[in-house]
Amino acid sequence: MEEKRIGVYVCWCGTNIAMMVDVKDVSKEMEKLPGVVLAKNYKYMCSDPGQDMIIKDIKKYNLDRIVVAACSPRIHEITFRNALENAGLNPYMLQMANISEQDSWVHTDRIEATRKAKSLVAAAIRRVIHHKPLKKRIVNVHPNTLIIGGGVAGMSAALELSEAGKKSFLIEKSDQLGGTAAKLKLSFPYLNDVVNDISNLIKRVEKSEHIQVILNAEVQEIHGFIGNFNGIVKTTDEKEYSIEFGNTIVATGLKSFDAGKLKNYGYWKYSEVITSIEFELLVKQGVVVNKKGIVPENIAIIHCAGSRNENYNNYCSRTCCMSALKYANQLRNLLPDANIFEMYADMRTFGRGCEELYTSTSRKGIMFLMFDQRAELPLIKEDERGNGVVIEFKELLSGEEIQVPADLVILMVGMEAHENAKSVSHLSGISMDSNGFFIEKHPKLDPVATTTDGVYVVGSCQAPKDIPDSVSQAKAAVARILATILRGTVEVEVTTAEINADICCGCQFCISVCPYGANSFDAANDVSVVNEVLCKGCGTCATACPSGAISTKHFTDEQILSQIEGLMAKVHELEELETN
Amino acid sequence: MNSSSENGNEFHQKVHPDTLVIGAGIAGIQASLEIANAGYKVYLVEKSGTIGGHMAMFDKTFPTLDCAACILTPKMVEVGQHSRIDLLTCSEVTEVNGYPGAFKVKIHKKARFVDQQLCIGCGSCAAKCPGKAPSEFDSGTALRKAIYIPFPQAVPNKYLIDPESCLYMQTDGKKCGVCVKFCPVNDCIDLHAMDEELNIEVGNIVIATGFKIFDAKKVARFGYGKFPNVLTSLELERLINAGGPTEGKITFRTKDKKGNWVFKPDGGAPDSVAIIHCVGSRDENCNAYCSKVCCMYSLKLAHLVKEKLPATAVYEYFIDMRAFGKGYEEFYQRIKKEGVHMIRGKTAKIEEIKGSLKLRSEDILNNRIIEQLADMVILAVGLEPSDGVKQLSEMIGVEIDANGWYKELDSLLDPVGTARQGVTIAGVCQGPKDIPDTVAQASAAAARVLQSIESLKEVEFI
Amino acid sequence: MDATKNNKSKLKLAIYWGAACGGCCVSVLDVHEHLYDIVAAADLVFWPIALDTKYKDVEAMEDDFIDITLFNGAVRNSENEHMAHLLRQKSKILVAYGSCAHLGGIPGLANLSDKKELFNRVYLESESTMNSEQIFPQTKTEVKEGILELPEFYNDVRALNQVTDVDFYIPGCPPTSDRLLEVFTAIVSGSELPPKGSVIGAQMKPLCDECERKKSDKKQVKKFLRPWEVIDDGETCFIEQGLICLGPATRAGCGYRCIKGNAPCRGCYGPTPDIIDPGAKMMSAIATAIDSNDPDEILEIIDSIEDPAGTFYRVSVPAALFRKKIVENNVEVKIT
Amino acid sequence: MGGLTMNTRVNPDFEKELQKYGKGNWNECFHCGNCTAICPLSEDGFLFPRNSIRTLQMGLEKKLETSIEPWLCYYCGDCSETCPRDANPGELMMALRRYLTTRYDWTGLSKKFYTSAVWEYAAIAIIALLVIVSFLVFLPLRPDAALMVNESGGVMINSLVAGVSPDRFVTLIEYGDWLMAVIVGGLLITNIFNMYYKTIIADKTVKIPLSAYFKEFWQLIYNFVTQASFSKCEKRSYWLGHLLLMTGYTIMFIIVVVFLPYFQIEEVVPVWHWQRLLGYYATFGILFFLGIVIFQRLRKNPITMKFSHASDWIFIIMLALTTLTGIILHIFRLAGMVEATYYTYIIHLAVLVPMIVIEVPFSKWSHLAYRPFAIYFSKLKLATLKEKSVRKLAPAIS
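Protein chains in written order, with the working numbering: chain R, 7 to 586; chain S, 648 to 1109; chain F, 2 to 337; chain C, 29 to 426.
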């Protein structure tokens, strides 16, 4: 075996790592390991000077393998691979040791954390020895886009693509476009009438020659990978469309919280209690009456129905506060003499113009009352003194136990992920968080992409969102998609499975297990073959292959086992192991 | 320009494929990368000496607490290295003429006095430079030299000279010039370098000028600028940052030998820290609007103080806790569990008593007055439009609202377009925003640009 | 075949058994009339099953005196280990012969228990045992005549290469006589030997490659069956019939004798070259054949595998990654 | 009300009702707590103004009616100036004082006067008319009035009336004074008792021991005389101004009501005489204060002067007229202008009497009494509260 020339770079990550790991000690210790030409540490390895250092060292010391001990490869593997490439080294000659999330973040004992860092880096060093140069693969991008969900987010994305002259398929489950926004009368914070805006939007979508709207439809299957997807869409009347597309936008939107679950509010029991969704319908018709048909005199709007409470949903639904203020304004206009009560937990009017809406609403003779959303929800019961109900709770800003009479109660129901999110996540290969919302690739810097290349999540299926934020996200996804379409090609995963035909016996275990349909049987040679374009390198077939004929590039048994060995060997023993 | 306008009010114009992005914070960076990665040229104009904006100053980001530099610097590097991004630092747009699809833009490029190609970043010049000024990047918590790199990870990572603090320039060349002497590269530093004017033509303009923080001195009763240990949140952000003046230690503001108030690693740590929300926000006397991010960054800062100084008591004085985004409410609950004291009730005034700060507030939920002694007070300052917004808006012909934020075309369905065709807005310059929303909007602006270049290749005018 | 034709002095051949059933030694005899060829080409200098050579005779030999030693059987006690070291010293080529020497073999299944459990079972609990005084074998026993010694019974069984350096491996339980003959002939004829550490007398490809049963990708199992539960159609892949056959994870070379006899492969020829742990590999393959997405049903299907260790690791426990039952604190179990 | 709960019902209409006592965007308050914290007079046990705003917003009339807090506020305006929402909490405290005055007044007149300017004008006019008519009919100018000039050239004021001797005249006026004092005092005292009932007796949460009344009694006198609480406000000039007015007015009141025979004499005493010095002090104090207040009220700045209730103007005008007529009277007298002195005297009384009769028990002036009593009551309560308001520097947060 020719001598390996390994460079080791340990990152401080400011104090994120350096506070818990003695990075200087780690790099000093690593320098002693066989094959390691040099080991350095620096404040921010990912910064320009950090990357520069690596590039210069590769050239100066003729390094052929690099280990970067820093954060999760999910964040920066690409960064450092690019640096290697810039230095003229194959990008796959890199191994990252995660001493951030897997070490400094989760430990409190500096000595132990430093020791663990050494093991992790030593393991990476042992692994990188077995790395082999891999070639990048580039595939063409199909210019069409599949958009799942015909709400505002989906439609905005489709229109933006259409204006760039790109075709999209807009798949809507229901029989009309518009989603949740189509149910609204006014928007916040400027209380503009949105009925026309939304219907215009729908009209533009329907008119566009670049958008193929398929209503009453669901996506049955999606296969392929970025730039080269194909799928089957089926309508309720059993019509089937087979489509090809390069990118997917998931915009499945939201469903509202089931108010019946709230024990204290008696949604099913009292005809006075309605949800915000029902109120939108009422106000769109211009008639505000309770279910008994009575025009209300005392109207209570209860915020956070189903949100911010451990028994229901822990998260904040982001839009309800503003909607509630909007309702108060609508009610004030329709029923100038009615008493309006807003019961809130924290008034979260954070968006542009929203605090101003709160102020102007508070000038309209609306009584704002604060309750404890986490510990003690208000209790709605029959009013013994009057017709309607009475709401009892401890008002926090006064400390008083109070009663609020109401003959109409509007529950500001929160948002939940759409019920078909799960099936969409299976279809498109994206993950969901514990609340059922889709997980973006990076919460800060990649808020619309997902870990599956070519699949984007926009709008409220990612987290509760108002219309402008959903539209922003939709357009952001389009930017990314346009970029790939305009370039025409895209790089795809090279860490694919590989079948050693000398060993393969044609047992065909690998074929049925492949989730991407990448494996097939070559009857002439009695062996299985991998379609590298379809393969995503998940490794399932390599695991399933009983003959040891399949290995995943960059994740060979040899590489993984040597990493494990490195991890298990105590650092001071490593030298011995290596020299033997 | 085409002359078909004679037979009607309508004429067509090919959209110039280049784009101008004004402001190189995270919004400008994101928009530039999206456009450049799609294969089109971008001029990225930045007023200061480095790209990165405010995000580069932060230590960690809420609610995931991942390190700001870690997620930002690679993007900065990418911008710096991108063959299709022409990065113009120390530059400002001075004139915008022409029409959507063919804007003619004049850019004033201030001299950096150090040759960008020749500078090797060795730092010999700065080591000898006698001129000092408060570091903009460190939010004034430390001093920098007159010849300096804004911060070690700056892009471009080259020195520049601030004429305001340069002794040579302030004395019209009578004194100093020591940097030239010590620079190992010939002709690298030119103390007589002139500003340049640049004329470019672009098809689209993306405005991403970001924000400045509210001037806490305006709320006199908090004593910012008077009491040394009343800090703005941005100052604390720099203290917590490992790259900051105290290497990540939270210390008191102390006087250096020359009598400047600065932070040093050995400045001593506070036993109690109070954070006051809504300083300069939600207040008709300052800015009536909500700055959207302060509640969350305050929670984050509380967490970081607790992390660095576990024994330190942390108090948050708030009005409404606005934890609205994905994972935000959960973060709020987590910080509460970490033992940070949450007090509903905004502090009204701060007095200094024997070096300690006394805050007077109403603890609304417990129906009492709190007179709290704290070693350090953090003012969660709000966001304001950055300087020069008005001139720029007039120059480009884009509307701003009463607060100075850029107005979008349609608050509902077009949050990035403006009334001026060919001009899009991204990030906080349109209104306070957190990082994910900024990034999403920046990408959306880029989509609009790409779409206009790609689609019709022509713009219609009426 | 006549070795004298090669103008060489006769090879010195040794055959030894460690922890073995004796089948391997018998397999040498199974070459039938070719034994004459062997004897013509080689002198058998040590073969406990057939010759009365004493250990001290071997000890007296010069180093590298023996040309080839076929060591069969695993290393179970101090005697096996002593002989492994001794024969290594005295032999130019040491061959691990048969599954036991190669991978630990059937005796290796004892590694799923420790010494104490084994002794208890054998000397106390077995149905035919009466041992009220609880007497266990001892390495030294004093009797009137002096001290009697027995080899020390180890806590675990090891394959030969876990004790000493091995040149080649001839797998099988036992190796087929044809393969032995091929190897022997090759050595005698002086053809170039494969690199040290090679498995000889077998192929790279798995058994399935030779197997003539019909295979498809329809390996979907609702219940794992034992051979007696199936009426074998004689032509469909065993796995597709719900039987666990180690064919895809096992080297070819045996001539798929079991399969020809309508019995699934038990893996005696050991894994193909890139497999680190044959049992684990086969288990993960079999797992993918389970036809269910319901966690409870999956558990039920897995439960239908009788004796998983004996099925997937029949001859390879000592060579597997887990090697043996974990003994607490790594202390050797002493039996007093 | 059924069940175990004794929850109070909110009353959205109350806020509208209170707008009659003063204008403010009190519904705008979003409860940041700034006002209470910035007020140096707000303390544990007596938190304001935010608590009062909340009570008002929710329309908890009972709670408001029994609260002492509004009286503890001197309206320095800090809260309103720094209020982030322009809710003007200080003005609410002002309005609440007006409201409470009407609640303490058992005659119901106060409410009439506060909620209807017409009522107040009419009442003033009637009393003024009574005074004028009484004089013109029963105490007309003696025909030889021109002779009633003493040796120093000053008008002999007690001898101006026909058919009544100078001694008798002073006594008559003094009787009038006493009558007025008894009526006004009686009303005031019963109102104060009403206040005591509402704030102390009706409050079942505290039981004040008898000894406390004596122990804390000095607070009543001390606070009345010094306005000490006001001095705790950051704007000390407000306190000084207020003190000047208060002392000036009180001195004048005492001189006129209690020491009238020594004050209203025929001779003209020298300038340095105590009587003239006190008079000048009082006049200066009142005028100085009035000047500033009128200027500020017209300019609507500072914030404390932004909103002026009808009762504010009436009070200012009445006080100004009283003072001015007093000064003119003084000048006429010194100048020996007999007729002018007589008629100015009548006008002076026609302004003064209604002012006192209306203002002291029913309107703005009543705070002169209520406030010291409120402080006294608050001290009683504080002294009795089991958990004494020990100021905690580090709060124990739940």
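Glycine included, C-beta positions come from ideal geometry on N, C-alpha and C.
Just so you know, these numbers come straight off a predicted model, no measurement behind them.
Item	Value
Hey, isoleucine 300 of chain R and alanine 334 of chain R are a contact pair by Cβ (cut 8 angstroms); roughly how many whole angstroms apart?	Not a contact, Cβ separation roughly 20 angstroms.
Name, in chain order, the residues that DSSP records as bridge partners for alanine 223 of chain R.	R:Thr241
What are the residues that DSSP puts in a beta bridge with glycine 147 of chain F?	F:Val144
With a cut-off of 8 angstroms, do at least 3 Cβ pairs link the region 346-366 of chain R to the region 182-202 of chain R?	yes
So what's serine 1008 of chain S in DSSP terms, helix, strand or just coil?	strand
With a CB to CB cut of under 7 angstroms and the five nearest residues on each side skipped, what residues in its chain are close to cysteine 511 of chain R?	Ser553
Which term fits tryptophan 99 of chain C, buried or exposed, when burial requires 16 or more other beta carbons within 10 angstroms of its beta carbon?	buried
Measuring CB atoms only, is the region 35-46 of chain C touching the region 402-410 of chain R, in the sense that at least three cross pairs come out at less than 8 angstroms?	yes
What is the rounded straight-line gap between the Cα of tyrosine 270 of chain F and the Cα of alanine 253 of chain F?	7 angstroms
Please tell me whether serine 70 of chain C has its Cβ less than 9 angstroms away from any Cβ of chain S.	yes
Could you work out which residues of chain S lie near alanine 355 of chain R, taking near to mean beta carbons separated by less than 7 angstroms?	A small fix is needed here, since residue 355 of chain R is threonine in this sequence, not alanine. Neighbours of threonine 355 of chain R on chain S, chain order: Cys937.
Any beta carbon of chain C sitting closer than 9 angstroms to that of threonine 325 of chain R?	no
What does cysteine 209 of chain F reach in chain R if we use C-beta pairs closer than 7 angstroms?	Cys511, Gly512, Cys513
Look at the alpha carbon of isoleucine 105 of chain R and the alpha carbon of alanine 715 of chain S, and state the distance between them as a whole number of angstroms.	17 angstroms
Histidine 82 of chain R by DSSP, collapsed to three states: which one?	helix
Under 9 angstroms between C-beta atoms, does glutamine 292 of chain C make it to chain R?	no
Could you list the residues in the region 218-237 of chain F with a C-beta less than 8 angstroms from some C-beta on chain R, going in chain order?	Asp218, Lys219, Lys220, Gln221
Is methionine 122 of chain C buried or exposed, if buried means 16 or more other CB atoms sit within 10 Å of its CB?	buried
Could you work out which residues of chain C lie near arginine 338 of chain R, taking near to mean beta carbons separated by less than 9 angstroms?	Near arginine 338 of chain R there are no residues of chain C at all, since even the closest Cβ is about 12 angstroms away, more than 9 angstroms.
Spatial neighbours of leucine 383 of chain R within its chain, please: CB distance less than 6 angstroms, with the 5 preceding and 5 following residues excluded, ordered by chain position.	Asn270
Do leucine 883 of chain S and proline 892 of chain S have their C-beta atoms closer together than 9 angstroms?	no
Beta-carbon of threonine 412 of chain C versus every beta-carbon of chain S: anything under 9 angstroms?	no
Pick from R:Gly184, R:Gly259, R:Ala265, R:Cys326: whose alpha carbon is nearest that of lysine 428 of chain R?	R:Gly259
Grab me the residues of proline 195 of chain F's own chain with a C-beta within less than 8 angstroms of its C-beta, minus the 5 sequence neighbours each way, in chain order.	Phe169, Ile201
What residues in the region 1030-1042 of chain S have a beta carbon less than 7 angstroms from any beta carbon of chain C?	none
Go through its chain and collect everything with a Cβ distance to alanine 75 of chain F's Cβ below 8 angstroms, but skip five positions before and after it.	Gly19, Ala20, Ala21, Asn81, Cys101, Ala102, Gly105, Gly106, Pro108, Gly109, Val158, Arg159, Ala160, Leu161, Pro319
Pick from R:Met51, R:Asn96, R:Ser329: whose alpha carbon is nearest that of serine 78 of chain R?	R:Met51
In this structure, how does DSSP classify threonine 432 of chain C when only helix, strand and coil are distinguished?	This structure cannot speak to residue 432 of chain C, because chain C is shown only from 29 to 426.
For alanine 1066 of chain S, count neighbouring C-beta atoms within 10 Å of its own C-beta (all shown protein chains included) and say buried if the count is 16 or more, exposed if not.	exposed
Tell me whether glutamine 479 of chain R sits in a helix, a strand or coil according to DSSP, three-state version.	helix
Tell me whether glutamine 182 of chain R sits in a helix, a strand or coil according to DSSP, three-state version.	coil
How should serine 144 of chain C be labelled, buried or exposed, when 16 other C-beta atoms within 10 angstroms of its C-beta is the threshold for buried?	exposed
Let's see if you can read the secondary structure: which residues bound the alpha helix (DSSP H) around tryptophan 341 of chain C?	338-363
Could you check whether the region 162-174 of chain C touches the region 131-149 of chain C, counting it as contact only if at least three pairs of C-beta atoms, one from each stretch, sit closer than 8 angstroms?	no
Using a Cβ-Cβ distance under 9 angstroms, would methionine 373 of chain R count as near chain C?	yes
Proline 112 of chain C touches chain S at which residues, Cβ-Cβ below 7 angstroms?	Arg929, Asp930, Glu931, Asn932
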